[in-house]
Structures are given as structure tokens and as C-alpha cells.
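Student:
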Amino acid sequence: MKVKFTKMHGAGNDYIYVNTLRYPIADPRRAAIEWSRPHTGIGSDGLVLIGASSVADFSMRIFNADGSEAMMCGNASRCIGKYLYERGLTDKTEIRLETLSGVKTLHLHVSPQRQVDAVTVDMGVPTLIRRVELGAGYPFGEGIALSMGNPHLVIFVDDAESVDLPGVGPLLEHHPLFPHRVNVEFAQVTGDAEIRMRVWERGSGITQACGTGACATAVAAAFTHRSPRRSAVRMDGGTLLIHWSEADGTVRMTGPAVSVFDGEISLPG
Ligand SMILES: N[C@@H](CCC[C@H](N)C(=O)O)C(=O)O
103 MKVKFTKMHG AGNDYIYVNT LRYPIADPRR AAIEWSRPHT GIGSDGLVLI
153 GASSVADFSM RIFNADGSEA MMCGNASRCI GKYLYERGLT DKTEIRLETL
203 SGVKTLHLHV SPQRQVDAVT VDMGVPTLIR RVELGAGYPF GEGIALSMGN
253 PHLVIFVDDA ESVDLPGVGP LLEHHPLFPH RVNVEFAQVT GDAEIRMRVW
303 ERGSGITQAC GTGACATAVA AAFTHRSPRR SAVRMDGGTL LIHWSEADGT
353 VRMTGPAVSV FDGEISLPG
């Protein structure tokens with residue numbers, strides 16, 4: 103059976119999107135692994151399934167390139183907003199999306215031509231924010247750990263460009279403090295409300311951007327008084343605007359969503 107998919111990206115974090123209302127995927131882990139491969143598959147950071155929901159307007163499931171299922175994805179949630187609206191699956195500009203880390207609200211920024219140029223996502227309240235000592239044998243002394251629905255470790259550095267991501271990323275992803283592994287962000291405060299960040303994602307490795315990672319970075323910077331609660335996080339593939347609300351503790355993330363191409367592929371045989 104052929105499955106229609108759309109390749110989309112949010113700040114360069116690229117996923118394969120499948121509308122499972124039309125194309126159910128029986129083994130998404132395997133599809134994520136095979137389709138994400140750059141040379142023999144489509145090439146992506148993972149697979150995102152858009153589905154029905156009994157508690158929200160739609161649902162999202164996200165699988166990393168290694169087939170592991172994640173609880174939340176910031177960049178994919180923005181892309182789903184664009185996908186749903188521009189393909190006429192909804193005419194709402196506020197969409198409730200069920201995820202494994204709860205229901206998130208997407209606020210679409212729609213142009214007069216009815217294109218979704220950007221999306222703001224209510225990412226929820228960050229939890230479990232704490233300083234962690236990484237211990238002997240690790241190249242960095244401490245970090246800030248927190249959950250944005252999924253686990254993050256933010257490490258502040260003087261020069262984000264000089265971090266050896268392929269060398270230290272896997273080591274920290276598997277740090278014993280995080281039995282379910284962790285997404286790792288290396289952050290450098292570059293201005294009053296501006297942070298440069300490079301990411302090593304759990305299950306996908308180096309990606310051009312991570313939405314939950316940008317939120318985690320901005321929260322960690324505000325938590326440690328390095329930045330105000332509203333900041334811009336600049337990653338390899340683009341910049342996201344993050345606001346950790348003083349009023350309700352929610353993190354709001356704003357950024358782009360881009361469709362790259364549509365295609366058709368066979369289910370892994
Ligand atoms: N790229 C994502 C996060 C994807 C999931 C992550 N790798 C995990 O395993 O938690 C984002 O934009 O948030």
C-alpha cells in the first residue's frame with residue numbers, strides 16, 4: 103500500500119507528516135526508522151502522525167529517527183497547525199492538539215492569502231526544573247534539567263559554536279541521571295534577550311532546531327537570571343520566540359512552519 107506524506111520543517115527540524123485518518127500506519131516505529139534514513143528513505147528527523155482525538159480537535163504522535171516515541175514536539179506542533187488549516191481539515195485558527203504530554207493549543211497566524219505564516223503554541227508549564235551536577239568524566243560541570251513534556255538538559259557555555267556535538271551529545275543523552283535518555287541543549291547568551299543554542303536530540307542526534315529545546319533553554323536562562331522571561335533562541339535552522347509567562351507560568355513558543363513537498367511511499371515491507 104502507498105502512503106501519501108508531506109515533508110515539512112519548522113526552523114529546519116524536518117519531519118514526515120502522515121494524515122492517519124486516511125493512511126493508518128500499523129508499525130510507526132519501523133516506518134520512522136526506514137523513512138528517516140537520508141540515502142535509502144525520505145530523509146528526516148522523524149515521523150509525525152496526525153490523527154483523530156476524543157479530547158481535542160486532532161492528535162499528534164511523534165517518532166524520532168531511531169523509532170522511539172516522544173511525548174512532545176514543538177516544531178511539529180506548529181507544522182501540524184499549518185497542515186490542518188491549509189489542507190482544509192479545519193477552518194479554526196485556534197486548534198487543540200492532543201499529545202502524549204497533554205492537550206496543547208495552537209494559535210495560527212494566517213495571511214490574507216490564507217497561508218499560515220507562523221504559529222504560537224501554548225507549550226504548558228515547565229516542570230522538574232533543577233540544577234544537576236554531571237559528575238566526573240563529563241566535559242561539563244553542571245546543567246539545568248527540566249521537562250517541557252519531554253526531558254531536557256540545558257548546558258550554558260561561553261561559545262556554543264565550539265561544542266563538539268557528535269562527541270558530547272551521545273554521552274550526555276545517555277547520562278545515568280536520565281534513565282529515559284535526554285535531549286541536550288548547549289546555550290550561549292549572546293544578548294539581552296537573545297540566546298544561541300545548538301541541540302543534540304534524543305533519538306535523532308543533531309537537528310537544526312528543537313522547539314521544546316528552545317523553550318527549555320529560554321526557561322533555564324530565565325531560571326538562572328541569565329535572560330528575561332521573553333527571549334529569542336537562535337538555532338542552526340532558525341529562531342524561535344519564547345515567552346515564559348509571569349502570569350500563568352505557561353511557555354508560549356512562536357515560529358515558522360514550512361511545507362517542503364508531498365510524496366508517496368510504500369509501507370516498510
Ligand atoms: N524536535 C522536537 C522534539 C522531538 C522529540 C525529542 N527528540 C524527544 O525524544 O523528546 C521539538 O521540536 O520539540
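In the working numbering, each residue carries its 1-based index in the sequence shown increased by 102.
All C-beta atoms in this analysis are idealised placements derived from N, C-alpha and C, irrespective of residue type, glycine included.
Only a predicted model underlies this, so the values are computations on that prediction, with no experimental measurement involved.
#1: Name the two residues that bound the continuous alpha helix (DSSP H) containing Val270.
#2: In whole angstroms, give me the CA-to-CA distance for Val360 and Ile144.
#3: Is it a yes or a no for the segment 311-319 touching the segment 169-184, going by three-plus beta-carbon pairs under 8 Å?
#4: Measure how close the beta-carbons of Arg131 and Gly169 come, nearest whole angstrom, since I'm counting them as under 8 Å.
#5: Let me make sure I understand the geometry here. Which of Arg232, Thr122, Val223 has the alpha-carbon closest to that of Ala324?
#6: Buried or exposed for Phe258, please, with buried defined as at least 16 other CB atoms from any protein chain shown within 10 angstroms of its CB.
#7: Taking Pro228 and Val353 to be in contact with their CB atoms under 8 Å, please state how far apart those CB atoms are, rounded to whole angstroms.
#8: State the CB to CB distance for the pair Gly183 and Leu210, rounded to an integer number of angstroms; the pair is presumed to be in contact (CB under 8 Å).
#9: When the Cα atoms are used, what is the spatial distance from Ala154 to Thr122?
#10: Should Val362 go down as buried or exposed, given a rule of 16 or more other Cβ atoms within 10 Å for buried?
#11: Using CA atoms only, rank isn't needed, just tell me which of Val321, Gly293, Thr326, Asp364 is closest to His345.
#12: Ala134 to Pro370, Cα distance in whole Å?
Tutor: In short, the structure shows the following:
#1: 267-275
#2: 17 Å
#3: yes
#4: 4 Å
#5: Arg232
#6: buried
#7: 6 Å
#8: 5 Å
#9: 8 Å
#10: exposed
#11: Val321
#12: 10 Å
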